[in-house]
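Protein chains in written order, with this note's numbering: chain A, 1444 to 1775; chain B, 4 to 260. Ideal Cβ placement from N, Cα and C applies to all residues, glycine included. As the structure is a computational prediction, the values presented were derived from the model and not from experiment. Quick notes on the structure that follows.
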Amino acid sequence: MLYAIETEEITKRFDDIVAVNKISISVKPGELFGLLGPNGAGKTTLISMLSTIAEPTSGKAKVWGFDVEKESSKVRENIGMVFQDTTLDDRLTGKENLDLHGRLYGLDGKTRKKRIEEVLALVELTERADSIVRTFSGGMMRRLEIARGLMHHPHVLFLDEPTLGLDPQTRNHIWEYIKTLNKVEGVTIVLTTHYMEEADHLCERIAIIDHGDIVALDTPEALKDRLGGDVIILQLENPDEKSKLCEIYDKNGCAKIVSRHNGEVFITVKNGEHQIPHILSLASNAGISILAVSLRKPTLDDVFLHHTGRAIRDKRASEIEQVGFKIRSRRK
Amino acid sequence: MKKAVNRALQTVYTMWLREMLRFWRSKSRIIGSLATPLFFLVFLGAGFSSSFQVEGGRPFDPSYLAPGLIGMVVLFSSMMGGVSIIWDREFGFLKEILIAPVSRFFVALGKAVGGVTTSVIQGILIMFIASLMGIEYKSLSGVIAAIAVMFVSGIGFIGLGIALASMIDSHEGFQMVMSFLTMPLVLLSGAFFPISKLPGWLTLLVYANPLTYGVEALRYFLLGESIIPIFRSITVLLAFALAMTFLGGKLFGKMKV
């Protein structure tokens, strides 16, 4: 088997919306692979199909060598899944949740006992093993859920937004667990995220997804290098002059225009520090006044912007509202 | 083949075990669920026997209510057990089950067996408390047969609950089911009044109600009297249980998360 996951033009349609559009990817065994994109980009739908929860409208996918449609039960035996929202039984203890999971996956008593200790130690929850899950914090629940996903030694682990709604400290912790289990247990990991830093920090390769399409796929470094140097952001006094400024830079060939965004113009250049004076003088010669300039190394945010013309964070507000709603509805 | 049977049994057992663990954790809820029928038995029993006479001029005997209330408890807790799948879906646990490499049918069956165990336990508790309160049962073998009746009717109602839960997509819908289905089922079952002399339209509804046969069978085994012949009651209950298991299993298999 060459690939842990292999898809061939896999597609999912809901009525007239195409959630996943002919995506073909291959993930190598042992790889830590990221699906990066804003909410509603199709990431969750894609891993739902790979984990046999949703049926593809067309196309094919194999996970650990098994066809997701024809051999769904074989696929299920070989994967672990950590959903976006908790799927723990919150009236039971941590240990009981793990034990039931082990039983569903056919582990015998001795194996379960040993494995429960191992996975609890991995996510540092040994001391809370016998507490009812209701008393856990959000971060602890997520850790327990990751531990549970690992109980049956899956070859492929899917993590859907593993750090959504967690505080920065907990997030760092979870990142460490993910890295450790990828290295120590050798598990192939596919995670979805809309956090740039998360994808950048964790993943060996990233597929950037937008509107159901893969717009770019490579290592984080290669994706950023492809932008061609540093990012300079110019803030204009009059946003209407954006296109005029872009034209000037185009004509002079000194900078590659990345995108126009709000009142800002993003450009990428080599040796940004040395280019700033030249760029500014070009603008002032044309009579365009610039309020602020900043220079930084490119991030995955810029990569996304480059490929889609939008920033991922544009969609954040609505996502925060959604999370709030989910939490409220759970309290009922 | 042997492996497949083992896996199926293990799935059923796992789901049963979960229901038992949850049942054990919710002791206060169980006491609460026993309170209503016991109030009925004490207050309704006292009120009925002081004001009503049964045919032939004898005073109303509160023990008449006991089988009806046992039936009511079994109905409530079985329906609850089935419909609790809605909660499993809302709180996400359903996904954990549905993604496991196990058959959905056996998942539903395990859930049903677990739910039925809890409702039979509650039925037995009511039966026991009622006997402490002075209600006399015909024989020990009658009591054992009554437990079997609770089990069979429980399976039927839990199957119905699972079938409904698979079609309802919110807990508001669940409230509707509880008020528009369970209360009429109880009131139309002969739990509180004899079904021999009802007006025609009511007779029709009462005889269309599966709980009627459960209550009648319980009354036969516990008190030695029933209007519907026991053989017919048992046949109807078994058919109902089988049909609902099939329906519940089928609809649960199609359920979307």
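Looking at C-alpha atoms only, which residue of the options is the closest neighbour of residue i?
i, options, result
"M130 (chain B)", "B:S53, B:A246, B:L207 and B:L44", "B:L44"
"T1500 (chain A)", "A:K1465, A:I1589, A:S1574 and A:D1668", "A:K1465"
"T1536 (chain A)", "A:R1591, A:H1637, A:Y1620 and A:E1690", "A:R1591"
"G1552 (chain A)", "A:L1587, A:M1594, A:R1585 and A:E1512", "A:M1594"
"H1544 (chain A)", "B:A148, B:V180 and B:Y16", "B:Y16"
"I1664 (chain A)", "A:E1512, A:E1640 and A:I1617", "For clarity, residue 1664 (chain A) is Glu in the given sequence; the question names Ile instead. Measuring from the Cα of E1664 (chain A), the nearest candidate turns out to be A:E1640."
"A49 (chain B)", "B:F63, B:A38, B:G145 and B:S199", "B:F63"
"Q1718 (chain A)", "A:T1529, A:L1550, A:E1539 and A:G1696", "A:G1696"
"Q178 (chain B)", "B:F96, B:F79 and B:A242", "B:F79"
"I1617 (chain A)", "A:L1587, A:D1542 and A:F1579", "A:L1587"
"E1539 (chain A)", "A:I1649, A:K1455, A:R1555 and A:M1492", "A:R1555"
"K1455 (chain A)", "A:M1444, A:E1474, A:K1503 and A:L1734", "A:K1503"
"T1662 (chain A)", "A:F1601, A:T1613 and A:L1743", "A:L1743"
"A69 (chain B)", "B:L101, B:E58 and B:L47", "B:L47"
"Q1612 (chain A)", "A:G1582, A:C1689, A:S1727 and A:T1636", "A:G1582"
"G1473 (chain A)", "A:E1561, A:A1642, A:K1626 and A:E1690", "A:K1626"
Which class does residue i belong to by DSSP, given the choice of helix, strand or coil?
i, result
"D1532 (chain A)", "coil"
"E1764 (chain A)", "Low per-residue confidence applies at E1764 (chain A): pLDDT is 42, beneath 50, and the placement is therefore not dependable enough to give any value."
"L1527 (chain A)", "Looking at the sequence provided, one finds Gln at residue 1527 (chain A) rather than Leu. Looking at Q1527 (chain A) - three-state DSSP - the assignment turns out to be coil, as it is neither helix nor strand."
"D1510 (chain A)", "strand"
"I251 (chain B)", "Correcting the residue type first, residue 251 (chain B) is Gly in the shown sequence and not Ile. Three-state DSSP puts G251 (chain B) in a helix."
"A1484 (chain A)", "coil"
"T39 (chain B)", "helix"
"R61 (chain B)", "coil"
"A1572 (chain A)", "coil"
"V1627 (chain A)", "helix"
"A244 (chain B)", "helix"
"E1707 (chain A)", "strand"
"V86 (chain B)", "helix"
"D1459 (chain A)", "coil"
"E219 (chain B)", "helix"
"A69 (chain B)", "helix"
"Y140 (chain B)", "coil"
"K200 (chain B)", "coil"
Return yes when the Cβ of residue j is within less than 8 Å of the Cβ of residue i, no when it is not.
i, j, result
"I1389 (chain A)", "I1731 (chain A)", "The question about residue 1389 (chain A) has no answer here: the residues shown for chain A are numbered 1444 through 1775."
"L1478 (chain A)", "K1486 (chain A)", "yes"
"I1490 (chain A)", "S1469 (chain A)", "no"
"L1670 (chain A)", "V1708 (chain A)", "no"
"G1655 (chain A)", "V1506 (chain A)", "no"
"T1495 (chain A)", "V1525 (chain A)", "no"
"G256 (chain B)", "L112 (chain B)", "no"
"K1484 (chain A)", "D1745 (chain A)", "The amino acid occupying residue 1484 (chain A) in the given sequence is Ala; Lys does not appear at that position. No, these two residues do not count as a Cβ contact at 8 Å."
"I230 (chain B)", "P197 (chain B)", "yes"
"G117 (chain B)", "M23 (chain B)", "yes"
"G137 (chain B)", "A244 (chain B)", "no"
"R1585 (chain A)", "R1534 (chain A)", "no"
"V1599 (chain A)", "N1521 (chain A)", "yes"
"I165 (chain B)", "I89 (chain B)", "no"
"I1651 (chain A)", "H1750 (chain A)", "yes"
"L72 (chain B)", "A220 (chain B)", "no"
"K1622 (chain A)", "G1672 (chain A)", "no"
"L185 (chain B)", "M82 (chain B)", "Rather than Leu, the amino acid found at residue 185 (chain B) in this sequence is Thr. Closer than 8 Å, so yes."
"G74 (chain B)", "V239 (chain B)", "no"
"A11 (chain B)", "L1547 (chain A)", "no"
"L1493 (chain A)", "C1646 (chain A)", "no"
Who does residue i pair with in a DSSP beta bridge?
i, result
"S1501 (chain A)", "A:T1454"
"G159 (chain B)", "The partner list for G159 (chain B) (beta bridge, DSSP) is empty, contrary to what the question assumes."
"A1735 (chain A)", "A:Q1678"
"L1479 (chain A)", "A:T1636 and A:I1651"
"D1744 (chain A)", "DSSP, once it has assigned bridges, lists no residue as partnering D1744 (chain A)."
"L1600 (chain A)", "A:G1523 and A:I1632"
"I1466 (chain A)", "A:I1453"
"G211 (chain B)", "Checking the sequence, you will find Ala at residue 211 (chain B) rather than Gly. DSSP, once it has assigned bridges, lists no residue as partnering A211 (chain B)."
"Q56 (chain B)", "B:P62"
"A1659 (chain A)", "A:I1651"
"I1448 (chain A)", "A:V1470 and A:V1506"
"V1712 (chain A)", "A:D1673"
Write down the C-beta distance between residue i and residue j rounded to the nearest angstrom, noting that I regard them as a contact closer than 8 Å.
i, j, result
"I33 (chain B)", "Q125 (chain B)", "7 Å"
"L225 (chain B)", "K141 (chain B)", "6 Å"
"S192 (chain B)", "V77 (chain B)", "Not confirmed; about 11 Å, so no contact."
"L1624 (chain A)", "L1565 (chain A)", "7 Å"
"F96 (chain B)", "T1530 (chain A)", "6 Å"
"P1597 (chain A)", "G1523 (chain A)", "4 Å"
Discussion item. For the segment 73 to 103 of chain B, list every residue whose C-beta sits within 9 Å of some C-beta in chain E, in sequence order.
Written reply: Note that chain E does not occur in the displayed structure, where the protein chains are A and B.
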